[in-house]
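Visitor:
Protein chains in written order, with this note's numbering: chain X, 1 to 388; chain R, 389 to 758.
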């Protein structure tokens with residue numbers, strides 16, 4: 001069994017696309033300049049960053065001036081939440097006193113909102129999704145009162161893969177909290193969905209390159225014209241004074257290449273990976289007793305499959321499957337590496353027992369029929385062993 | 389044999405992992421660190437620093453390493469009862485309850501589910517096999533580091549699936565081995581005190597953050613005379629000397645009883661702080677109850693035991709206390725221990741470990757002081 005690995009944790013991270021690797025190489029040594037300078041080396045690097053910015057902007061449905069490169073999704077989310085709040089407080093004559101997020105947000109948003117609330121005394125309203133894993137628009141409307149200054153609803157949930165109605169959510173916010181900015185964490189959406197369309201209603205959109213075949217350590221926040229974010233990183237004033245720090249040139253160039261490749265391949269990827277996902281899901285539901293799928297498959301990206309194996313501790317199943325050559329994940333990993341009970345499942349109204357056996361299979365471009373066959377061969381026995 | 393090594397990030401379990409890897413083969417041994425406490429501790433939040441040490445030692449030994457999150461059970465089985473105990477005038481031993489419910493129950497079950505034959509820990513204790521295929525639990529080779537007391541609740545089921553690789557070594561030998569292997573934990577200080585209580589916070593700070601603390605009165609245990617105020621009755625333990633001052637005879641005073649309901653702490657002379665006996669509940673035996681303890685009463689059936697004449701055993705009332713020759717008698721499900729010589733009163737909630745007088749290294753059983 002050693003050797004053959006079937007990787008189903010693409011939502012955690014995925015291998016870099018070859019063209020993204022290729023794209024970054026020249027900027028690691030030969031073209032090493034700092035874009036913020038006045039000589040030829042700088043100009044060459046700046047040209048690369050500007051070209052990449054144009055490309056990323058088009059693919060995300062934004063203008064070049066609306067793209068702020070960050071160190072990744074987490075920084076983009078933090079910049080959106082705290083940066084937008086700070087700007088709002090600094091400029092508004094009647095600053096907002098409350099912010100809203102969905103209770104199933106990634107920790108990058110959830111903890112940024114909680115930290116902001118603690119720091120500023122603002123009231124944080126966490127809106128629970130329905131048991132289908134979709135944000136409850138009625139509950140959202142109820143939370144969105146006139147004193148709300150920021151609303152964050154993710155585009156695709158990272159654990160169960162449900163696609164959120166960002167357009168409708170944004171419309172609710174405009175109607176109920178006219179002065180609020182809408183942020184969406186679109187980190188999980190890029191590989192599967194047209195982000196331009198899905199996030200068109202949002203003022204702030206966070207993406208992360210390593211989720212779509214780019215390198216780790218680079219991401220972006222779209223800040224639509226009219227929305228203002230104050231910087232969290234102070235320094236040389238890069239990114240139009242919204243994010244200081246020398247540009248990660250190789251990362252930026254590579255991210256653009258990865259995004260271009262992802263978008264152009266997306267229809268075929270969705271078709272092919274979706275079929276693999278369905279075969280995996282249908283196969284496991286048919287062969288493993290007392291297994292349920294979380295959320296409606298129709299509401300889900302093509303890459304996500306979330307199953308709950310009753311009477312099994314997911315933490316143990318992850319270990320057993322790892323030994324059997326299958327990489328999956330359970331809940332969210334804490335800094336120590338321990339598995340935490342999923343706040344996403346809890347927010348959807350699943351009890352501790354029900355949530356305990358939750359496993360995410362997240363597929364990606366590199367998965368094959370053989371990977372699915374491998375998982376179908378080993379998962380039933382692993383579950384049975386733990387139920388023994 | 390596949391072995392799961394419980395690695396705390398300390399030197400003992402690091403060397404236990406090294407020895408297990410040597411004995412059973414690297415591909416047969418996996419390291420696991422338990423995430424038990426979610427709050428702040430002396431080694432950072434979630435004990436991240438300790439997890440890192442454990443993981444890096446496992447890396448160095450070429451072992452796969454996992455982190456298991458047992459924080460919910462730890463709260464439920466160790467921390468909450470510890471807090472509740474103090475609220476009710478008892479002083480539970482959290483390390484023993486952690487061993488009983490987490491390391492030698494939850495972890496053993498997890499290991500079995502994952503297909504491991506045994507769990508190894510870094511405890512200084514020895515598991516010996518008898519000719520009959522039973523297991524004995526004996527003191528570790530280093531008398532100063534012996535941990536058999538905190539393992540005294542183990543029975544055959546657990547011992548059959550547990551190994552103690554460093555039990556035959558002294559602490560010095562453990563550190564030598566760690567240094568020889570170049571393990572990063574070689575010089576790491578031994579852990580002290582209770583893992584979920586920060587040293588800057590102390591027991592009082594921890595309990596005070598989770599319990600309403602109540603002031604009370606100190607009274608003379610004989611005359612009932614009021615001797616003054618006490619800051620928080622929940623923080624006082626039977627047998628405690630610190631903070632109790634001196635009696636009119638100039639001798640130090642000891643706590644003889646804690647009465648939470650009436651917020652009264654009884655104190656007395658050193659003699660009054662001693663007792664000739666103690667009653668134990670939650671009784672466990674390493675390999676069944678010894679004969680002569682008082683067999684089942686005729687017709688009573690089951691495992692119940694009647695009043696017997698008593699068995700001579702050694703009773704040890706704290707982790708490094710002196711074992712005292714005692715007569716042990718069953719009273720229903722409980723044990724009555726008559727000490728051969730008066731002992732400092734055992735605080736309710738504390739464990740008494742029982743050893744074999746014919747083989748003073750061998751644990752016979754345990755119980756919790758009523």
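Where is the CB? At the ideal position from N, CA and C, for every residue including glycine.
Taking the alpha-carbon positions, what's the residue 499(R) to residue 392(R) distance?
Guide: Taking the straight line joining both Cα atoms gives about 7 Å.
Visitor: For residue 575(R), count neighbouring C-beta atoms within 10 Å of its own C-beta (all shown protein chains included) and say buried if the count is 16 or more, exposed if not.
Guide: The residue in question, residue 575(R), is exposed, as its Cβ has fewer than 16 Cβ neighbours within 10 Å.
Visitor: Could you tell me the distance, in whole angstroms, from the CA atom of residue 153(X) to the CA atom of residue 164(X)?
Guide: Rounded to whole angstroms, residue 153(X) to residue 164(X) spans 8 Å at the Cα level.
Visitor: Hey, does residue 316(X) have any beta-carbon neighbour from chain R nearer than 8 Å?
Guide: Yes, because at least one Cβ of chain R sits closer than 8 Å to the Cβ of residue 316(X).
Visitor: In this structure, what does DSSP give as the bridge partners for residue 204(X)?
Guide: Per DSSP, 183(X) and 223(X).
Visitor: Tell me the residue span of the alpha helix (DSSP H) that contains residue 173(X).
Guide: Per DSSP, residue 173(X) belongs to the alpha helix (DSSP H) from 166-176.
Visitor: Name the DSSP bridge partner or partners of residue 125(X)?
Guide: BP columns for residue 125(X) point to 100(X).
Visitor: If you follow the beta strand (DSSP E) that residue 699(R) is part of, which residue opens it and which one closes it?
Guide: Residue 699(R) -> beta strand (DSSP E) spans 699-704.
Visitor: Go ahead and pull the three-state DSSP assignment for residue 233(X).
Guide: In the structure shown, residue 233(X) sits in coil (DSSP, three-state: anything other than H, G, I, E or B).
Visitor: Could you tell me whether any Cβ in chain X is nearer than 8 Å to the Cβ of residue 498(R)?
Guide: Residue 498(R) counts as touching chain X.
Visitor: If you draw a straight line from the alpha carbon of residue 623(R) to that of residue 230(X), how long is it in whole angstroms?
Guide: Their backbone Cα atoms lie some 50 Å apart in a straight line.
Visitor: Along the chain, where does the beta strand (DSSP E) containing residue 722(R) start, and where does it finish?
Guide: Counting along the chain, the beta strand (DSSP E) containing residue 722(R) begins and ends at 722-732.
Visitor: Skipping 5 residues on each side, what residues in its chain have a beta carbon closer than 7 Å to that of residue 663(R)?
Guide: Within the same chain, residue 663(R) has close Cβ partners 730, 731 and 733.
Visitor: State yes or no: is the C-beta of residue 653(R) within less than 8 Å of the C-beta of residue 595(R)?
Guide: Not a contact, by the Cβ cut-off of 8 Å.
Visitor: So who's on the other strand from residue 741(R), going by DSSP bridges?
Guide: Partner(s): 704(R) and 754(R).
Visitor: DSSP puts residue 653(R) in a beta bridge; with which residues?
Guide: Residue 653(R) is bridged to 606(R) and 646(R).
Visitor: In three-state DSSP terms, what is residue 39(X)?
Guide: Of the three classes helix, strand and coil, the one that applies to residue 39(X) here is coil, per DSSP.
Visitor: I need the straight-line Cα distance from residue 689(R) to residue 456(R), nearest angstrom please.
Guide: Note that residue 689(R) has pLDDT 41, beneath the 50 cutoff, so the model's placement of it is unreliable and the number below is only indicative. Distance between the alpha carbons of residue 689(R) and residue 456(R) is about 41 Å.
Visitor: Residue 319(X) touches chain R at which residues, Cβ-Cβ below 7 Å?
Guide: Neighbours of residue 319(X) on chain R, chain order: 454 and 502.
Visitor: Helix, strand or coil: how does DSSP classify residue 163(X) here?
Guide: Of the three classes helix, strand and coil, the one that applies to residue 163(X) here is strand, per DSSP.
Visitor: Is the CB-CB distance between residue 619(R) and residue 600(R) below 8 Å?
Guide: In this structure, residue 600(R) does not lie closer than 8 Å to residue 619(R) by Cβ.
Visitor: My understanding is that residue 481(R) touches residue 739(R), with C-beta atoms under 8 Å, so please give their C-beta distance in whole angstroms.
Guide: The Cβ separation is near 5 Å, so the contact holds.
Visitor: Once you ignore the five residues that flank residue 287(X) on each side, which residues in its own chain have a CB closer than 6 Å to its CB?
Guide: Same-chain partners within the cutoff: 380.
Visitor: May I have the straight-line CA-CA distance separating residue 377(X) from residue 280(X), to the nearest angstrom?
Guide: If I take the Cα positions, the gap works out to 10 Å.
Visitor: Residue 300(X) and residue 161(X): beta carbons closer than 8 Å?
Guide: For residue 300(X) and residue 161(X), yes; Cβs fall inside 8 Å.
Visitor: By Cβ distance, which residues of its chain are closer than 6 Å to residue 691(R), with the 5 residues on each side in sequence left out?
Guide: For residue 691(R), the pLDDT reaches just 43, beneath the cut-off of 50, and the residue's location in the model is therefore unreliable, leaving the point undetermined.
Visitor: Report the residue ranges of all alpha helix (DSSP H) runs contained in full by the region 444-472 of chain R; include only those spanning at least 4 residues, in chain order.
Guide: Counting only runs of 4 or more, we get 459-462.
Visitor: Could you check what DSSP says for residue 331(X) in three-state terms: helix, strand or coil?
Guide: Residue state, collapsed to three classes: coil.
Visitor: Can you check whether the C-beta of residue 481(R) is within less than 8 Å of a C-beta belonging to chain X?
Guide: Not an interface residue.
Visitor: DSSP three-state call for residue 614(R): helix, strand or coil?
Guide: Residue state, collapsed to three classes: strand.
Visitor: At what residues does the beta strand (DSSP E) containing residue 715(R) begin and finish?
Guide: 712-719 is the extent of the beta strand (DSSP E) around residue 715(R).
Visitor: Got a sec? Which residues, its chain only, sit under 7 Å from residue 249(X) by beta carbon, not counting five neighbours each side?
Guide: So the list reads 27, 35, 45, 48 and 49, once near-sequence residues are dropped.
Visitor: Do residue 204(X) and residue 277(X) have their C-beta atoms closer together than 8 Å?
Guide: Not a contact, by the Cβ cut-off of 8 Å.
Visitor: Would you please verify whether the beta carbon of residue 47(X) is less than 8 Å from any beta carbon of chain R?
Guide: Not closer than 8 Å to any Cβ of chain R, the Cβ of residue 47(X) fails to qualify, so no.
Visitor: Give the C-beta separation of residue 140(X) and residue 81(X) to the nearest angstrom, bearing in mind that I take them to be a contact with Cβ-Cβ under 8 Å.
Guide: Not really, about 17 Å apart at Cβ, beyond 8 Å.
Visitor: Label residue 180(X) either buried or exposed according to how many other C-beta atoms from any shown protein chain fall within 10 Å of its C-beta, with 16 as the threshold for buried.
Guide: Buried, since its Cβ has 16 or more Cβ neighbours within 10 Å.
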